[in-house]
Amino acid sequence: MAQKPSIPKGTRDFSPIEMARRNYIFDTIRGVFQNYGYQPIETPAMENLSTLMGKSGEEGDRLLFKILNSGDFLGGVRQEDIDEKNLSKITTTISEKGLRYDLTVPFARYVVQHRNEITFPFKRYQMQPVWRADRPQKGRYREFFQCDVDVIGSGSLLNEVELIRVIDAIFKKLGVNVQIRLSNRKILSGIAGLIKAPEKLTDITTAIDKLDKIGLDKVVDELLQRGLSKEQIDQVLPIIELTGNNIQKLDSLEKLIGNTNDGSAGIAEMKTVLAYFDKLNIESALEFDPSLARGLNYYTGTIVEVLAKDVKIGSVCGGGRYDNLTGVFGLPDVSGVGVSFGADRIYDVMNELSLFPDEVLHSSEIMLVNFGEKEAAYSLKVVEDLQEAGIRAELYPDAVKMKKQMSYADKKSVKFVLLIGEQEMETGKYTLKNMQTGDQITASLPELIENINA
RNA sequence: GUGGAUGUAGCUCAGCUGGUUAGAGCACUAGAUUGUGGUUCUAGGGGUCGUGGGUUCAAGUCCCAUCUUCCACCCCA
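This note's numbering applies: residue 133 is where the first sequence begins, and numbers increase by one.
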């Protein structure tokens with residue numbers, strides 16, 4: 133046997149049944165997006181590296197797939213850079229394009245580039261694959277789909293509220309129990325301000341983000357390691373140990389960091405957002421959690437992360453407000469907020485919990501058995517009539533043994549099989565077999581159609 | 001990117017301290033059933049043991065390298 137073919141690490145093929153289920157997820161998400169007034173756009177798989185680099189931190193740059201230049205890509209490389217193994221310099225010379233890492237950065241680029249055609253606030257959605265040169269794990273792929281919704285050009289907190297409602301609506305429709313964790317980047321800045329160490333903001337956030345995972349003691353260790361003093365840590369700890377409901381937590385927090393500019397602004401925003409939900413129907417658990425950090429360094433306001441309650445997997449959705457992402461492309465003072473749904477993780481969760489409805493597999497509703505040349509010619513006309521009546525119908529292409537044809541219908545979960553042999557051709561009444569019950573009836577075409585649609 | 005595990009038929013796995021033609025269940029193909037699938041019975045096909053080296057009289061079994069998948073870190077959808 134020849135060497136088996138394979139696909140690159142962290143990528144997957146999708147079978148018809150998997151596609152049916154994936155499309156069910158995409159259709160559900162798209163339906164909600166449209167229902168809330170968002171419009172689709174698409175952007176290319178590859179972007180210029182100058183667009184992608186430096187937007188999601190060093191870690192993000194490391195995870196970028198870079199595309200080798202065409203032609204004599206070595207032409208511009210200097211010998212001294214090779215000798216000194218100056219990788220970053222060589223990279224920028226031999227590669228000027230990369231695969232997109234997420235959809236938010238290309239969207240920001242799109243907004244800046246098309247600013248004169250866009251009516252703001254601009255509500256768009258985008259469902260496309262992204263690529264990351266990460267090491268694969270469960271729920272972590274090198275090629276995966278993100279479904280992003282963003283509204284850009286409006287600073288109103290109503291947008292945050294709407295996006296949380298979008299999240300709730302989608303997971304409700306899919307039947308996935310989720311917890312929605314909320315916080316605000318300004319609260320974290322307030323904490324950093326409180327201990328007079330604004331430059332430690334990232335260190336503090338990445339450390340306390342792990343609270344759920346590694347526990348309080350280890351978080352303290354990590355904070356020490358990251359250069360915070362004991363006194364500073366003592367100031368930080370009460371903040372991440374808040375108890376009570378969302379409002380109580382915010383009230384206690386206000387006493388601690390309410391005197392910092394960022395802190396009080398963040399708390400006020402959080403309170404405003406939560407207050408809207410007093411009068412709204414929302415099913416998912418909404419939890420204010422000041423230990424929520426989210427790494428992407430372009431977030432400036434509200435941050436949100438959605439976890440599946442019943443499956444241990446990374447977040448299935450996440451996002452937040454970014455006040456100046458378009459600034460790096462030359463369009464300052466445009467605030468946006470958006471969230472991204474991880475379709476592949478949602479698939480994994482639903483698969484593990486067997487949440488897919490049976491009817492997502494759209495195979496034919498009826499298959500006509502092929503008895504031979506004459507019968508097939510006759511059946512073809514019946515297939516046409518059925519299809520015109522809006523029924524998914526097919527004729528088995530070969531006049532092979534009936535057992536084989538029936539078994540084909542069974543495996544494809546075709547609901548009905550229609551038998552048109554010599555007798556049926558003479559009488560004009562066909563034999564219809566229901567594959568689920570095994571019942572058979574003899575009926576004319578209009579009666580059949582009625583029966584199938586019942 | 002760091003550390004650790006894994007890899008035997010299409011799938012899930014068995015194969016003791018290296019020893020003749022590598023096994024099971026499911027799936028597949030054919031027949032029982034010449035106009036009837038999903039159940040049952042019978043028979044059959046299919047593996048250079050991830051790949052490449054090495055040790056040995058002898059390697060699925062030991063050693064090295066490499067790739068895949070998985071787990072933790074990192075990061076995140």
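Ideal Cβ positions, reconstructed from N, Cα and C, are used throughout, including at glycine. Since we're looking at a predicted model, the values are computed, not measured.
If you draw a straight line from the Cα of Met538 to the Cα of Asp145, it is about 28 angstroms long. Between Tyr242 and Ile173, the CB-CB gap stays under 8 angstroms. Judged by DSSP secondary structure, Gly395 falls within the alpha helix (DSSP H) whose first and last residues are 393-408.
Annotation: Ala324 is outside any beta strand (DSSP E); the continuous alpha helix (DSSP H) that includes it extends over 317-326. For Gly451, the enclosing beta strand (DSSP E) has its first and last residue at 449-454. Between the alpha carbons of Val514 and Pro148 lies a distance of about 27 angstroms. Remark: C-beta atoms of Arg524 and Asp421 do not approach each other more closely than 8 angstroms. Short of 8 angstroms from the beta carbon of Val351, and not among the five residues preceding or following it, lie these beta carbons of its own chain, in chain order: Ala339, Ile340, Lys342, Leu343, Ile372. The Cβ-Cβ distance between Arg153 and Phe488 falls below 8 angstroms.
For Gly504, DSSP records no beta bridge to any residue.
Where Glu582 is concerned, the enclosing alpha helix (DSSP H) starts and stops at 577-585.
At a Cβ-Cβ threshold of 8 angstroms, Val293 and Val438 do not count as neighbours. The beta-carbon separation of Arg264 and Gly446, rounded to 13 angstroms, does not stay under the 8 angstroms limit for a contact.
Sequence-distant partners of Val298 (beyond 5 residues in either direction) whose C-beta falls short of 8 angstroms from its own C-beta, in its chain, are Val164, Phe165, Tyr168, Val281, Val471. In the DSSP assignment, Lys229 falls outside any alpha helix (DSSP H) and lies within the beta strand (DSSP E) extending over 229-231. Note on Arg317: 16 or more other CB atoms within 10 angstroms of its CB, so buried under the neighbour-count rule. Contact annotation: Val501 and Val549 have beta-carbon atoms nearer than 8 angstroms. With a cutoff of 8 angstroms on beta-carbon distance, Leu564 and Leu577 are scored as not near each other. A distance below 8 angstroms between beta-carbons, with the five flanking residues on each side excluded, links Lys547 to the following residues of its chain, in chain order: Glu497, Ile498, Asn566, Met567, Gln568, Ile584. By the C-beta density criterion, Gln171 is exposed, having fewer than 16 other C-beta atoms within 10 angstroms. Assignment of beta-bridge partners to Glu275 by DSSP yields Trp263.
Across the set Gln211, Leu369, Thr334, Pro268, the C-alpha of Pro268 shows the shortest separation from the C-alpha of Lys141. Contact between the stretch 326-336 and the stretch 174-183 is not established, with fewer than three Cβ pairs separated by less than 8 angstroms. Judged by DSSP in its simplified three-state form, Thr183 adopts helix.
In the DSSP assignment, Asn566 falls within the unbroken beta strand (DSSP E) covering 562-566.
With 16 or more other Cβ atoms inside 10 Å of its own Cβ, Glu507 counts as buried. Between the alpha carbons of Lys255 and Val283 lies a distance of about 4 angstroms.
Shown here, Phe158 sits in a helix according to DSSP, grouped into three states. Between Ile327 and the set Leu388, Asn309, Tyr156, the nearest pair of CA atoms involves Leu388. In the three-state DSSP reduction, Leu527 falls in the strand class (E or B). Listed in chain order, the non-local C-beta contacts of Tyr510 below 7 angstroms within the same chain comprise Ile552, Met557, local neighbours out to five positions each way being set aside. The beta carbon of Ser227 sits closer than 7 angstroms to those of Leu181, Lys198, Ile199, Leu200, Asn201, all from its chain and outside the five residues before and after it, given in chain order. By the Cβ neighbour-count rule, Asp300 is buried, with 16 or more other Cβ atoms within 10 Å of its own. DSSP places Val243 inside the alpha helix (DSSP H), whose first and last residues are 236-245. Under the DSSP definition of a beta bridge, Val466 lacks any partner. Using a Cβ distance threshold of 8 angstroms, Gly395 and Gly322 count as a contacting pair.
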